[in-house]
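Visitor: Structure in structure tokens, see below.
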Amino acid sequence: MASQQVPDKRLIERFRTGSDRDALGTLFLRYMELVYGVCLKYLGQPEAAQDAVMDIYEHLNRKLLAMRWTISVDGSIWSARTIASSYYARKAIS
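For what it's worth, our numbering labels the leading residue of the sequence shown as 745, then goes sequentially.
Okay, here's the thing in structure tokens:
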């Protein structure tokens, strides 16, 4: 089964158990364009949107390792996007 066909939930399980450290990267690549587009819409600057995407990736990495249950990747990325976009928007204003 190709990695792009592996369901999100299975990639999360692989990442969390340590059996596939690249699983998070595979998962993130699926959503990167969406996350970047939303961040760019909110931030209006490509560089700030790129920084926000990287922060979201790091946030998702920590969150997935800390959780005791499988989460919705869509929901986590959306939450992280909100956090990062808000942070960068405030930073740009000040």
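Note that CB positions come from ideal geometry on N, CA and C, so glycine has one too.
(1) Starting from the Cα of residue 771, find the closest Cα among 781, 834, 826, 758 and give me that residue.
(2) Using 8 Å for Cβ pairs, my map puts residue 760 next to residue 804. What's the rounded Cβ distance?
(3) Less than 7 Å separating the beta-carbons of residue 800 and residue 782?
(4) Over what stretch of residues does the alpha helix (DSSP H) that includes residue 795 continue unbroken?
Guide: Taking the geometry as given:
(1) Closest option to residue 771, Cα to Cα, is 758.
(2) With 8 Å as the limit, residue 760 and residue 804 do not qualify as a contact, their Cβ atoms being about 12 Å apart.
(3) At a Cβ-Cβ threshold of 7 Å, residue 800 and residue 782 do not count as neighbours.
(4) Bounds of the alpha helix (DSSP H) holding residue 795 are 790-810.
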